[in-house]
Amino acid sequence: MTTLLALDTATEACSVALLHDDRVYSHYEVIPRLHAQRLLPMIKTLLDEAGVALSAVDAIAFGRGPGAFTGVRIAIGVVQGLAFGLDRPVLPISDLAVLAQRALREHGAQQVAAAIDARMDEVYWGCYRADQGEMRLLGDEAVLPPELAGLPREAAGDWFGAGTGWGTHAARLPAMLAGQDGAMLPHAEDLLSLARFAWARGEALPADQAQPVYLRDQVATPKAPQ
1 MTTLLALDTA
11 TEACSVALLH
21 DDRVYSHYEV
31 IPRLHAQRLL
41 PMIKTLLDEA
51 GVALSAVDAI
61 AFGRGPGAFT
71 GVRIAIGVVQ
81 GLAFGLDRPV
91 LPISDLAVLA
101 QRALREHGAQ
111 QVAAAIDARM
121 DEVYWGCYRA
131 DQGEMRLLGD
141 EAVLPPELAG
151 LPREAAGDWF
161 GAGTGWGTHA
171 ARLPAMLAGQ
181 DGAMLPHAED
191 LLSLARFAWA
201 RGEALPADQA
211 QPVYLRDQVA
221 TPKAPQ
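At position 185 of the sequence shown (counting the first as 1) the number is 185 in UniProt numbering, and the numbers step up by one without a gap.
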């Protein structure tokens, strides 16, 4: 049986999940700025709860962003440390896809416009459709002003809005929705669901290829004038 560990720290939420013997365990906390202190203890607690040794993990999945620069880096650092130490592969998963997967799990949404508040008057944006239980990306993910975000050209039927981009910029986002959850954050349980599909397709990567995806070139403070 496959044992997968999943973790996410890309937003205010810090969460971990474990698949073992076809059973899913998860811990989820909204703890802004405490991810670095809490992540490893959460992983240990989860493994203890499941009665699983870290060495039994076959691969480690993680939220690769987009999201907060510091949060994504925390996840990358922990994942690489664990994966190198265990000689295990990694499974990078989009945090926008994780939001869409959570909307499917909690709201039964089959089509989701995922939006994370990107600060700087922009949103991280991606549109997803359910395909046999897996949220699949339609088009590209992007970072853009809310007014430029839109559904795919071929969009039809009901769409659900998920993520803090909707909570902050709903009035400026042009997409018409059947419902939304503007407080929704990525959850490692849903990241784990996507990781299971990726693992089955053989998409695991070596640990040194655990890279963040920010969607924005300017992810740090502006450079000083030359």
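Note that the Cβ used here is the ideal one computed from N, Cα and C, for glycine as well.
Subject >> Exposed unless 16 or more other CB atoms sit within 10 angstroms - verdict on Leu148 >> reply: exposed
Original post:
Can you pull the DSSP bridge partners for Pro92?
Top reply: Phe62
Original post:
Does the beta-carbon of Ser55 have 16 or more other beta-carbons within 10 angstroms, so that it is buried, or is it exposed?
Top reply: exposed
Subject >> Closest Cα partner of Arg88 within the set Val98, Ala204, Leu215 >> reply: Ala204
Original post:
Under a Cβ-count criterion, where at least 16 other Cβ atoms within 10 Å of its own Cβ denotes burial, should Val123 be classed as buried or exposed?
Top reply: buried
Subject >> Own chain residues within Cβ distance below 8 Å of Val52, not counting five before or after >> reply: Thr3, Leu18, His20
Subject >> Beta bridge counterpart(s) of Glu134 as assigned by DSSP >> reply: Asp131
Subject >> Integer Cβ distance of residue 260 from Ala103, believed to fall under 8 Å >> reply: The chain is shown from 1 up to 226; residue 260 falls before or after that span and cannot be answered.
Original post:
Which residues bound the alpha helix (DSSP H) around Ile76?
Top reply: 69-86
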